[in-house]
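Be aware that the sequence shown starts at 4, since it is given in the numbering used here, and climbs by one per residue.
Quick notes on the structure that follows.
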Amino acid sequence: MQSYKFFHPYRDEIRQVFDCGLTIKMALNSYVSELFQGDSSFKLCAHVRRGDFLTDIMLESKEDFTVPAINYAYKYLTDQGQENISMVFIGNDLPFVQNLPIQNVVSFIFYRI
């Protein structure tokens, strides 16, 4: 399991390791422009992994964890004064994500699975 306490002291080094070159950054900027099409809302992202994890006990993303986690993050952001929040899902189970009961929480949901 990942834990903030293990990685926080090394955050600058980790960010440097995952820093992409200019070519990749330009391609990413193009992709982001196409995906969000001028949407300027704050993006709350969630990674949902199911697919190959469905056969293993307690490894896949489950609704009873995912929804409260999203609600918690959303509440934190709004308590900090953030408005106009959109949800971005990254994962491999579109039907699962589309059926999550969060439609009334965020202003827009982006699915790219």
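C-beta: ideal position from N, C-alpha, C; glycine also.
Under DSSP, HIS11 forms no beta bridge with any residue. Counting every other CB atom within 10 Å of its CB across the protein chains shown gives PHE68 a total below 16, marking it as exposed. Collapsing the DSSP output to three states places ILE27 in a helix.
Leaving aside the five residues that flank GLN85 on each side, the residues in its chain whose CB is nearer than 7 Å to its CB run, in chain order, PHE45. Inclusion of VAL51 and SER64 in the CB contact set at 8 Å is warranted, their separation being smaller than that value.
DSSP places ILE88 inside the beta strand (DSSP E), whose first and last residues are 88-94. Separation of the CB atoms of PHE99 and ARG53 is rounded to 6 Å, and the pair is thereby assigned contact status at 8 Å. The bridge partners DSSP lists for LEU47 are MET90.
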